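Reading through the structure tokens given below for one structure.
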């Protein structure tokens with residue numbers, strides 16, 4: 006039976022000063038979804054590596070909802086059956102819901118030979134991700150689709166900007182053994198923020214984008230400051246300040262919470278420094294949080310979600 | 006007697022999405038200050054074109070305070086006498102206080118042959134401007150010193166970024182006959198802002214900086230949106246929405262309030278469109294506000310404040 010498998014990368018969103026609008030794709034970890042033609046509707050045949058925690062019912066599964074949204078948008082009456090292979094820990098703050106949703110729409114799009122425009126894929130994946138994250142901001146979905154460093158100027162109508170990536174810019178992500186409920190992390194922010202904090206945030210955002218364009222690593226580092234989300238969410242992550250300090254001491258340009266956590270990211274100049282930073286952050290996480298942790302050192306993924314195999318048999 | 010005269014350009018601050026952190030310099034209008042050596046302290050000999058409204062006492066005059074700050078910072082016990090020639094209408098929202106303060110420090114620096122670093126000139130000018138505007142943000146002073154399009158990432162320690170200027174980017178400024186008290190315009194903002202508005206603002210800031218780097222005029226236009234100050238200050242300017250619409254209809258990329266107003270600015274692609282926009286905005290200002298108005302059409306000034314004459318006699 007014909008099937009198509011797509012991969013979508015993990016993503017770090019917020020990235021210091023870009024709450025709800027900025028994200029980048031990791032080169033390595035991600036989710037895979039295989040789509041097969043089926044008589045009707047969307048079904049989930051199988052999910053691997055989720056320890057049985059994700060819903061098998063399509064209407065309650067991010068990949069299922071994303072696939073349904075794409076079929077509806079295309080006006081395609083055929084059905085698809087999905088198999089999902091999680092390559093990311095659940096609720097890690099690495100855009101796992103987004104990666105599953107994106108892999109699903111890319112797999113279904115290829116299976117149906119629909120060649121849907123990029124923005125439609127993003128919009129459909131976002132419908133799936135909304136289910137998991139309760140958020141309508143494509144700051145994980147967009148970089149997972151496009152790869153690279155992506156700014157969402159406006160979510161709807163969608164206006165996304167692919168930012169340049171300075172050569173050598175390397176990401177470190179440490180995922181500690183800690184549960185954070187996204188809705189709780191969001192509630193900590195409240196509905197209003199001090200104007201003075203907001204001003205700092207958009208000054209840093211301008212500086213970060215300028216730094217990426219000019220490959221000014223020092224400026225990128227100064228701009229990686231979160232005046233909005235991180236100070237309010239810090240209580241969720243024991244030892245956050247010490248872990249960030251360990252990253253800085255080891256040579257990171259900057260560090261912070263990935264998405265709504267619990268994963269922590271750092272950006273570094275070059276792989277060598279990134280390896281040292283990964284070691285220092287992992288040790289600090291062990292000291293302050295304890296338990297096991299996963300660590301990912303990677304460049305910013307130059308490419309986003311893609312078909313990795315297609316079988317006609 | 007030895008004297009030095011410096012010119013400092015008018016500036017548009019805020020620039021849509023850059024409240025308190027972004028500004029650009031106009032190529033043309035500005036203030037001039039002549040400095041002469043004097044036995045001690047700072048005195049104001051003369052002020053032209055202010056209709057007698059500016060304080061002659063140095064400690065209460067922006068140029069006087071800026072000059073005092075520079076002398077103090079340099080540890081120079083000499084005194085200076087200043088003559089100020091206003092080329093900008095008072096309280097116009099075009100950085101008039103900043104221009105006088107900047108021209109003063111540049112003139113005094115040259116007179117004393119001090120060659121103070123740029124950031125010291127900005128800091129001293131800011132002390133003067135604070136007197137007039139009550140604000141500590143160098144979003145007028147920095148572009149008046151540097152020229153061009155300037156982002157203030159951080160006011161203290163000062164971290165400023167000179168952004169690229171796309172060829173052909175042209176500014177239109179219309180100054181209507183309307184008084185706005187800066188302190189009142191500031192009070193309208195309150196101490197907190199909705200998080201959703203703030204998110205829009207930093208998304209636009211990132212998009213604007215990216216658009217300037219890539220000379221993407223359409224994107225610059227989309228990013229010239231103010232989610233924070235303008236909606237709250239709109240009641241101060243009768244017909245603001247209609248005047249902005251007139252600018253857009255005539256081909257402007259975007260338009261908004263310059264600083265805390267009452268001047269209105271637009272950015273345009275090329276001089277030809279800018280002339281049409283100037284005409285349309287002037288007509289709309291006449292219709293909705295009435296009275297006389299001044300209009301300035303100029304490129305973004307490539308250079309900032311500078312010595313324009315020095316006499317040794």
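Chains as they are written, first to last, in the working numbering: chain A, 6 to 318; chain B, 6 to 318.
We treat Cβ as the ideally placed atom computed from N, Cα and C, and that holds for glycine.
These numbers were taken from a predicted model, which means no experiment stands behind them.
Let me see if you follow: with CB-CB separation under 8 Å, is residue 199 (chain A) close to chain B or not?
Under the 8 Å criterion on CB atoms, residue 199 (chain A) is classed as interfacial with respect to chain B.
The segment 15–29 of chain B: which residues have C-beta closer than 8 Å to a C-beta of chain A, in chain order?
Those residues of the segment 15–29 of chain B that come within reach of chain A (Cβ to Cβ, closer than 8 Å) are 22, 23, 24, 25, 26 and 27.
Relative to the alpha-carbon of residue 217 (chain B), which residue among B:12, B:9 and B:20 has its alpha-carbon at the smallest distance?
Closest option to residue 217 (chain B), Cα to Cα, is B:20.
Chain-ordered neighbours of residue 299 (chain B) on chain A, where CB pairs are closer than 8 Å
One finds nothing in chain A with a Cβ atom closer than 8 Å to the Cβ of residue 299 (chain B); even the nearest lies about 30 Å away.
Helix, strand or coil: how does DSSP classify residue 185 (chain A) here?
Three-state result, residue 185 (chain A): coil.
I'd like the span of the alpha helix (DSSP H) that includes residue 218 (chain A), first residue to last.
Element bounds for residue 218 (chain A): 200–219.
Going by DSSP in three states, residue 272 (chain B) sits in which element: helix, strand or coil?
Assignment of residue 272 (chain B) by DSSP, reduced to helix, strand and coil, places it in the strand class.
Going by DSSP in three states, residue 242 (chain A) sits in which element: helix, strand or coil?
Correct three-state label for residue 242 (chain A): coil.
Please look up how many angstroms separate the CB atoms of residue 16 (chain B) and residue 33 (chain B), rounded, as I've assumed it's under 8 Å.
The Cβ separation is near 12 Å, so there is no contact.
Around the C-beta of residue 151 (chain B), are 16 or more other C-beta atoms found within 10 angstroms, so that it is buried, or is it exposed?
The residue in question, residue 151 (chain B), is buried, as its Cβ has 16 or more Cβ neighbours within 10 Å.
7 Å Cβ cut-off: residues of chain B touching residue 209 (chain A)
Within chain B, the residues whose beta carbon sits less than 7 Å from that of residue 209 (chain A) are 158, listed in sequence order.
Would you say residue 319 (chain A) lies against chain B (beta-carbon separation less than 8 Å)?
Past the boundaries of the shown model lies residue 319 (chain A); chain A is included only from 6 to 318, so the question cannot be answered.
Can you look up residue 161 (chain A) in the DSSP assignment and give me helix, strand or coil?
Residue state, collapsed to three classes: coil.
In whole angstroms, what separates the C-alpha of residue 225 (chain A) from that of residue 66 (chain B)?
Rounded to whole angstroms, residue 225 (chain A) to residue 66 (chain B) spans 38 Å at the Cα level.
State the DSSP-derived secondary structure class of residue 255 (chain B), mapped to helix, strand or coil.
Three-state result, residue 255 (chain B): coil.
Against chain A, with Cβ distances strictly below 8 Å, would residue 174 (chain B) count as a contact?
Cβ-Cβ to chain A under 8 Å: no for residue 174 (chain B).
With residue 149 (chain A) as the anchor, note down where its alpha helix (DSSP H) starts and where it stops.
Per DSSP, the continuous alpha helix (DSSP H) segment holding residue 149 (chain A) begins and ends at 146–151.
On a Cα-Cα basis, can you pick out the residue from B:167, B:208, B:298 and B:49 that is closest to residue 1 (chain A)?
Given a span of 6 to 318 for chain A in the structure shown, any question on residue 1 (chain A) remains unanswerable.
Segments assigned beta strand (DSSP E), at least 3 residues, entirely inside the segment 76–121 of chain A:
Within the segment 76–121 of chain A, the complete beta strand (DSSP E) runs of at least 3 residues are 84–90.
Determine, for residue 134 (chain B), whether the minimum Cβ-Cβ distance to residues of chain A falls below 8 Å.
Closer than 8 Å to the CB of residue 134 (chain B) there is not a single CB belonging to chain A.
Count the other CB atoms, across all protein chains shown, that sit within 10 Å of the CB of residue 37 (chain B); report buried if there are 16 or more and exposed otherwise.
Counting every other CB atom within 10 Å of its CB across the protein chains shown gives residue 37 (chain B) a total of 16 or more, marking it as buried.
By a C-beta neighbour count over all protein chains shown, 10 Å radius and 16 as the cutoff for buried, is residue 189 (chain A) buried or exposed?
Under the 10 Å beta carbon count, residue 189 (chain A) is surrounded by fewer than 16 other beta carbons and is classified as exposed.
DSSP state of residue 23 (chain A) mapped onto helix, strand, coil:
Three-state result, residue 23 (chain A): strand.
Please report how far the alpha carbon of residue 54 (chain B) lies from the alpha carbon of residue 90 (chain B), in whole angstroms.
Roughly 6 Å between the two C-alpha positions.
Report the residues of the segment 225–243 of chain B with a CB closer than 8 Å to any CB of chain A, ordered along the chain.
Listed in sequence order: 227, 228 and 233.
Does the segment 80–94 of chain B touch the segment 44–60 of chain B, meaning 3 or more C-beta pairs lie closer than 8 Å?
Taking 8 Å as the limit for Cβ pairs, the verdict is that the segment 80–94 of chain B does touch the segment 44–60 of chain B.
Below 6 Å CB to CB, which residues in the same chain sit around residue 40 (chain A) once its five sequence neighbours on both sides are set aside?
Excluding positions up to five away in sequence, the list reads 9, 85, 87, 112, 113 and 116.
Hey, is the segment 284–295 of chain B in contact with the segment 249–262 of chain B, meaning 3+ C-beta pairs nearer than 8 Å?
A contact between stretches requires three or more CB pairs, one per stretch, nearer than 8 Å, and the segment 284–295 of chain B meets this requirement with the segment 249–262 of chain B.
Residues that residue 194 (chain B) contacts on chain A, provided the C-beta gap is smaller than 7 Å:
Per Cβ cutoff of 7 Å: 200.
How is residue 170 (chain A) classed by DSSP in three states: helix, strand or coil?
DSSP places residue 170 (chain A) outside both helix and strand once states are collapsed to three, so it counts as coil.
Which partner residues does residue 37 (chain A) have in the DSSP bridge list?
Answer is A:12 and A:90, bridged to residue 37 (chain A).
Name the chain B residues whose beta carbon is nearer than 7 Å to that of residue 168 (chain A)?
For residue 168 (chain A), the C-beta contacts it makes with chain B under 7 Å involve 215, in order along the chain.
Contact between the segment 186–203 of chain B and the segment 181–197 of chain A is defined here as three or more beta-carbon pairs at a separation below 8 Å; is this criterion met?
For the pair of segments examined, the segment 186–203 of chain B was found to touch the segment 181–197 of chain A: the number of CB pairs separated by less than 8 Å reaches three.
So the candidates are A:228, A:59 and A:265; which of them puts its Cα closest to the Cα of residue 180 (chain A)?
It is A:265 whose Cα lies nearest to the Cα of residue 180 (chain A).
Per DSSP, what kind of secondary structure is residue 233 (chain B) in: helix, strand or coil?
Here residue 233 (chain B) sits in coil by DSSP.
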